[in-house]
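Enquirer:
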Amino acid sequence: MRQRSIAFVVSCLFPVALLAASCAKDPPAGGAPTAATGNHATAGAKPGSHEDWCGEHAVPESQCTRCNKTLEAAFKATGDWCPDHGLPKSQCLKCNPDLKIVRPAKAQ
Ligand SMILES: [Zn+2]
Ligand SMILES: [Zn+2]
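Residue numbers (the numbering used here): 1497 to 1604.
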């Protein structure tokens, strides 16, 4: 008897779940596409770790001046700044095409 009642509940909920899923696919109001947030580190990522990485700009997220403008001052203060391209020299591939910024390996 118990088994039967569980099956009944599942069969009743299934169409509801489908309906909810189809609603979730609707574009958000305003129509602006949401950026690929999966490319960016979460707020709690440890600087220098594998998780601390900006996939959009291929630099550590904790050093990504394009994502966090407040970081610019620190680079300028140490002279690590390319005014022509608005980037830290250590991240400026236009001035230094051989530059390779490698993402740290994932911690075990
Ligand atoms: Zn970035
Ligand atoms: Zn440059």
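Cβ coordinates follow ideal geometry from the N, Cα and C atoms, glycine included. Nothing here was measured: the structure is a model prediction, and the numbers come from that model.
Does ligand 4 have a heavy atom nearer than 8 angstroms to the CB of H1581?
Expert: Here the bound small molecules are ligand 1 and ligand 2; ligand 4 is not part of this structure.
Enquirer: Give a single yes or no on whether K1572 has its beta carbon closer than 8 angstroms to a heavy atom of ligand 2.
Expert: If you number the sequence shown from 1, residue 1572 lands on position 76. Every heavy atom of ligand 2 is 8 angstroms or more from the Cβ of K1572, so no.
Enquirer: Quick one: grab the DSSP three-state call for L1567.
Expert: Within the sequence shown, the letter at position 71 stands for residue 1567. In the structure shown, L1567 sits in a helix (DSSP, three-state: H, G or I).
Enquirer: With 16 other CB atoms within 10 Å as the buried threshold, where does D1580 fall?
Expert: Position 84 of the sequence shown, counting from 1, holds the residue named residue 1580. It counts as exposed.
Enquirer: Given the structure, does K1605 come close to ligand 2, in the sense that its CB is under 8 angstroms from one of the ligand's heavy atoms?
Expert: The requested residue 1605 does not occur in the structure, where the chain is confined to residues 1497 to 1604.
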